[in-house]
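The listed protein sequences derive, respectively, from chains U and E. Under the numbering used here, the first residue of the first sequence is numbered 532, with each subsequent residue one higher. Under the numbering used here, the first residue of the second sequence is numbered 532, with each subsequent residue one higher. Notes to accompany the following structure.
Protein chains: 2
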Amino acid sequence: MSSYKDKKVITIGIVSELTGLSERKIRYYEERKLLFPERTNGGTRKYSFADVEKLIDIANKMEDGMQTFEIRKMEQKKLTDKQLRERMLRGQINAAFNVRK
Amino acid sequence: MSSYKDKKVITIGIVSELTGLSERKIRYYEERKLLFPERTNGGTRKYSFADVEKLIDIANKMEDGMQTFEIRKMEQKKLTDKQLRERMLRGQINAAFNVRK
DNA sequence: CGTGTAAGGAATTCTGACACG
DNA sequence: CGTGTAAGGAATTCTGACACG
Numbered sequence: 532m533s534s535y536k537d538k539k540v541i542t543i544g545i546v547s548e549l550t551g552l553s554e555r556k557i558r559y560y561e562e563r564k565l566l567f568p569e570r571t572n573g574g575t576r577k578y579s580f581a582d583v584e585k586l587i588d589i590a591n592k593m594e595d596g597m598q599t600f601e602i603r604k605m606e607q608k609k610l611t612d613k614q615l616r617e618r619m620l621r622g623q624i625n626a627a628f629n630v631r632k
Numbered sequence: 532m533s534s535y536k537d538k539k540v541i542t543i544g545i546v547s548e549l550t551g552l553s554e555r556k557i558r559y560y561e562e563r564k565l566l567f568p569e570r571t572n573g574g575t576r577k578y579s580f581a582d583v584e585k586l587i588d589i590a591n592k593m594e595d596g597m598q599t600f601e602i603r604k605m606e607q608k609k610l611t612d613k614q615l616r617e618r619m620l621r622g623q624i625n626a627a628f629n630v631r632k
């Protein structure tokens, strides 16, 4: 489960190269609660590959004129949708059980 | 194919934390041609998760009293074995083809 | 709001060398 | 041979602020 993709091990300079985004932008999106890097003891930010992908997604949405708070909302909605789908799935499973019981 | 595992994006301090090895050791194993980090423009070393795994393997072999040149040889042998196996496999495939032809 | 930039400082990394064994 | 360490310098990162729009 906790694969390479989610390990926070990449410093901001390399994330900047990987995404093409300025370090300024990357720090700003954190300030806007769009991603949450970890820190070394010294305070240096550490990102995961998942963060890199999320940044690319953010960059696309920014290009489309979306604002940071809209992107944040959209992510929350995505979570909600996922939770809903899971609930429905559980409902169907329960229904199936009830039928056979 | 070229997954996260092989992307060189981790700086030596974090590799040190991940492996428990001192930076001195990590640089020394590079000097002995056991791994090959990339560099940023500024000259900072960048490692992959595959490198991290290799370092853990190296550390185990060092604990067993193996020397760096032995570890290097062992890796080359492993490659050779792999090549051999592939050749044999190709041979069987060719044989199978010939039988049916 | 989103982003660039100059500023000063702190954390990180680099190399070559000396030491010990 | 393998590794620790002190040394000096360079690259990297950090924060808070000013600027523009």
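Quick reminder that beta carbons are idealized off the backbone N, C-alpha and C, glycines included. Predicted model only: the values in this text are computed from it and were never measured.
### Query
What three-state label does DSSP hand residue 536 of chain E in the structure shown?
As a first step, residue 536 of chain E is located in the second sequence; it is residue number 5 there, counting from the start. For residue 536 of chain E, the three-state secondary structure derived from DSSP is helix.
### Task
Identify which residue in U/557, U/571, U/563 has its Cα closest to the Cα of residue 598 of chain U.
Translated into positions along the first sequence, residue 598 of chain U becomes position 67. Nearest option by C-alpha distance: U/563.
### Message
Is it buried or exposed, residue 576 of chain E, if we count other Cβ atoms within 10 angstroms and call 16 or more buried?
### Response
On the second sequence, residue 576 of chain E is found 45 positions in, with the first residue counted as 1. Per the 10 Å Cβ criterion, buried.
### Query
Mapping DSSP to helix, strand and coil, what is residue 564 of chain U?
Counting from one through the first sequence, the residue named residue 564 of chain U turns up at place 33. The DSSP-derived three-state label of residue 564 of chain U is coil.
### Query
In chain order, what residues of the same chain have a beta carbon less than 7 Å from the beta carbon of residue 589 of chain U, not counting five sequence neighbours either side?
Here the question's residue 589 of chain U lines up with position 58 in the first sequence. Cβ neighbours of residue 589 of chain U beyond the five flanking positions: 560, 565, 602.
### Task
Over the uninterrupted alpha helix (DSSP H) stretch that includes residue 588 of chain E, give me the two end residues.
Residue 588 of chain E sits at position 57 when you count from the first residue of the second sequence. Run containing residue 588 of chain E: 580-594, per the alpha helix (DSSP H) assignment.
### Task
Give the range of the alpha helix (DSSP H) segment to which residue 543 of chain E is assigned.
If you number the second sequence from 1, residue 543 of chain E lands on position 12. That run of the alpha helix (DSSP H) goes 543-550.
### Query
Excluding the five sequence neighbours on either side, which residues of its own chain have a C-beta within less than 8 Å of the C-beta of residue 550 of chain E, listed in chain order?
As a working mapping, residue 550 of chain E is identified with position 19 in the second sequence. Closer than 8 Å at the Cβ level, and outside the excluded window around residue 550 of chain E, lie 557, 583, 586, 587, 590.
### Task
Work out the CA separation of residue 572 of chain U and residue 543 of chain U for me, nearest whole Å.
In the first sequence, the residue the question calls residue 543 of chain U occupies position 12. In the first sequence, the residue the question calls residue 572 of chain U occupies position 41. If I take the Cα positions, the gap works out to 15 Å.
### Task
For residue 557 of chain U, return the contacting residues in chain E, with the cut-off set at a CB-CB distance below 7 Å.
Walking along the first sequence from the start, residue 557 of chain U turns up at place 26. Chain E residues near residue 557 of chain U: none, gap ~14 Å exceeds 7 Å.
### Message
Can you tell me whether residue 631 of chain U is helix, strand or coil according to DSSP?
### Response
Taking the first residue of the first sequence as position 1, residue 631 of chain U is located at position 100. Its pLDDT being 47, under 50, residue 631 of chain U is placed unreliably by the model, and the measurement read from it follows with that caveat. Note: residue 631 of chain U maps to helix in three-state DSSP.
### Task
Quick one: measure Cβ to Cβ for residue 545 of chain U and residue 579 of chain U, integer angstroms, because I've assumed they're closer than 8 Å.
Within the first sequence, residue 545 of chain U is the residue found at index 14, counting from 1. Within the first sequence, residue 579 of chain U is the residue found at index 48, counting from 1. At roughly 12 Å, the Cβ-Cβ gap does not stay under 8 Å, so residue 545 of chain U and residue 579 of chain U are not in contact.
### Task
Could you please give me the residues that DSSP links to residue 609 of chain E through a beta bridge?
Numbered from 1 along the second sequence, position 78 holds the residue referred to as residue 609 of chain E. Beta-bridge pairing links residue 609 of chain E to no other residue.
### Query
Which word fits residue 613 of chain E, buried or exposed, when buried means at least 16 other C-beta atoms lie within 10 angstroms of its C-beta?
The sequence position of residue 613 of chain E within the second sequence is 82, counting from 1. Burial call: exposed.
### Query
Given a limit of 8 Å on CB to CB distance, which residues of the region 567-588 of chain E reach chain U?
If you check each beta-carbon in the region 567-588 of chain E against every beta-carbon of chain U, the ones closer than 8 Å belong to 571, 577, 580.
### Query
Could one say the Cβ of residue 544 of chain E lies closer than 9 Å to chain U's Cβ atoms, at least one of them?
Here residue 544 of chain E refers to the residue found at position 13 when the second sequence is read from its first residue. Yes, contact with chain U.
### Task
Taking residue 594 of chain U as the reference, give the member of U/569, U/609, U/552 with the closest Cα.
Translated into positions along the first sequence, residue 594 of chain U becomes position 63. If we check each option's Cα against that of residue 594 of chain U, U/552 comes out closest.
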